[in-house]
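Residue numbers (the numbering used here): 705 to 833.
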């Protein structure tokens with residue numbers, strides 16, 4: 705049995721769990737929130753955009769004008785959309801926190817400390833014969 709959302713007889717994307725990083729930056733976050741849509745796929749000429757409800761042609765035309773690509777709409781459940789938006793917002797906040805003032809990865813810090821420690825002259829031990 706096929707399930708439909710808001711009597712929209714279009715394709716649904718029920719297995720959506722996460723959005724690849726390359727698609728998260730195609731649309732600004734405020735546009736995604738306003739129109740409740742997320743880019744979930746792309747080709748050279750078309751974007752697959754997941755909506756929570758059937759969108760009118762004005763919204764699709766606005767997204768087409770914004771991205772200069774054709775829009776292929778699919779539907780997702782509103783709860784899944786909220787979860788994805790929460791994840792994207794958390795990622796963006798985390799990314800902003802790491803960029804300022806400057807983030808050094810722990811492995812890089814560990815490597816620097818190891819280098820400094822190996823360069824220090826260690827006290828010579830007396831050999832007991």
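Note that CB positions come from ideal geometry on N, CA and C, so glycine has one too. Here the structure is a predicted model, which means the values were calculated and not measured.
Residue i vs residue j beta-carbon contact at 8 Å
i, j, result
"residue 733", "residue 780", "no"
"residue 744", "residue 767", "no"
"residue 715", "residue 778", "yes"
"residue 723", "residue 788", "yes"
Bridge partners - residue i, DSSP secondary structure assignment
i, result
"residue 752", "745, 776"
"residue 716", "779"
Spatial distance of residue i from residue j (CA atoms)
i, j, result
"residue 742", "residue 761", "17 Å"
"residue 816", "residue 727", "35 Å"
"residue 773", "residue 801", "32 Å"
"residue 791", "residue 740", "14 Å"
"residue 735", "residue 793", "13 Å"
"residue 795", "residue 729", "12 Å"
"residue 670", "residue 725", "The first residue shown for the chain is 705 and the last is 833, placing residue 670 beyond what the model contains."
"residue 731", "residue 782", "18 Å"
Local Cβ density within 10 Å of residue i, reported as buried at 16 or more and exposed below that
i, result
"residue 705", "Residue confidence for residue 705 is low, a pLDDT of 35 falling below 50, so the modelled location carries little weight and cannot support an answer."
"residue 820", "exposed"
"residue 759", "buried"
"residue 812", "exposed"
6 Å Cβ shell around residue i - same chain, five flanking residues per side excluded
i, result
"residue 776", "750, 752"
"residue 798", "none"
"residue 717", "754, 778, 780"
Chain-order list of residues whose beta-carbon lies under 8 Å from that of residue i (same chain, five-residue window excluded)
i, result
"residue 822", "none"
"residue 785", "740, 742, 754, 756"
Contacting residues, own chain, Cβ-Cβ under 7 Å from residue i (five flanking each side not counted)
i, result
"residue 818", "none"
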